[in-house]
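Worksheet for the structure shown next.
Right under this line is the structure:
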């Protein structure tokens with residue numbers, strides 16, 4: 649791996665991004681660029697990153713930052729070309745290239761919303777690498793969270809109601825940042841979406857469900873406590889009491905005591 653020379657890197661990246669409207673040429677060029685800076689002796693697990701079945705160049709962060717800095721300038725004036733580029737990058741079984749695709753997708757215009765949302769729907773598949781899914785939900789929905797939360801919530805709702813575990817994971821993982829951003833405006837909708845998971849929490853989804861509930865508590869502890877108490881009183885709620893016990897410490901004292909009292913008949 650050569651030492652990074654800022655002036656040389658800037659020139660290399662400028663040459664790369666000039667090919668943004670030629671996806672196949674861009675792909676060959678970025679492969680060569682990242683390969684020239686790759687550190688194949690550094691494994692993701694050695695850096696505290698979960699291992700992945702996808703290939704990765706392990707290029708130094710300054711290289712990827714420069715690539716993104718230059719590419720991001722082209723998204724607003726050339727959305728169609730950049731979407732085609734994102735599709736090409738996404739088709740590669742490589743973590744760095746797929747992550748770059750998610751970042752492009754997340755900065756595309758939100759109007760009309762259908763094109764980006766369709767990509768999100770298509771890209772979330774049962775065999776999607778977990779690190780890429782996390783990147784897609786971190787970067788790929790950023791503008792929608794602020795500019796068009798309603799259509800994004802419709803997509804999240806479809807994921808949560810899907811029989812596919814990967815879609816359920818995506819829906820649950822997409823919710824906490826949305827709750828933090830716009831939760832107050834969409835609480836009734838979000839409550840309806842998560843209610844089935846408050847009653848029955850599949851083991852493999854429990855960590856994600858707890859993150860969602862804690863985000864709801866931060867947003868509105870009193871309304872979240874009321875929702876949980878409601879679900880304690882309905883039939884067929886095998887996991888509601890367990891869920892409340894896991895998050896009791898996140899509530900303010902008075903609310904916590906009320907939930908403790910509500911739990912007593914369920915003991």
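Numbering (the numbering used here), first residue to last: 649 to 915. Beta carbons are placed, not taken as given, at the ideal position from N, Cα and C, and that holds for glycine.
- The count of Cβ pairs closer than 8 Å, one atom from the segment 835-842 and one from the segment 881-892, stays below three, leaving the stretches out of contact.
- Our two residues, residue 898 and residue 856, have alpha carbons roughly 16 Å apart in a direct line.
- The beta carbon of residue 752 is closer than 6 Å to those of 730, 734 in its chain, skipping five residues each way along the sequence.
- With contacts defined as CB atoms closer than 8 Å, residue 773 and residue 675 fail to qualify as a contacting pair.
- In its chain, beyond the 5 residues on either side, 667 have a beta carbon closer than 7 Å to the beta carbon of residue 673.
- A straight line joining the alpha-carbon of residue 834 with that of residue 654 spans about 46 Å.
- Looking from the CA of residue 765, the closest CA among 778, 804, 744 belongs to 804.
- Going by beta carbons, residue 741 and residue 658 fall outside the 8 Å limit.
- Under DSSP, residue 762 forms no beta bridge with any residue.
- Restricting attention to beta strand (DSSP E) runs no shorter than 3 residues, the segment 780-821 encloses none.
- The Cβ-Cβ distance between residue 681 and residue 701 does not fall below 8 Å.
- With distances taken between CA atoms, residue 769 lies nearest to 789 out of 870, 756, 789.
- Secondary structure of residue 718 (DSSP, three-state): helix.
- For the pair residue 662 and residue 720, the Cα-to-Cα distance works out to about 12 Å.
- In the structure shown, residue 703 adopts extended strand secondary structure according to DSSP, grouped into three states.
- By the 16-neighbour rule on beta-carbons within 10 angstroms, residue 652 is exposed.
- Close CB contacts of residue 831 within its chain, under the 6 Å cut and outside five residues either way in sequence, are with 867 (chain order).
- Around the beta carbon of residue 816, 16 or more other beta carbons sit within 10 angstroms, so the residue counts as buried.
- Beta-bridge annotation (DSSP): residue 742 is paired with 703.
- Boundaries of the alpha helix (DSSP H) harbouring residue 866: 854-867, taken from the DSSP string.
- About 6 Å separates the beta carbon of residue 744 from that of residue 704, a gap short enough to meet the 8 Å contact definition.
- The C-beta distance from residue 827 to residue 864 rounds to 6 Å, short enough to fall under 8 Å.
- With a cutoff of 8 Å on beta-carbon distance, residue 750 and residue 784 are scored as near each other.
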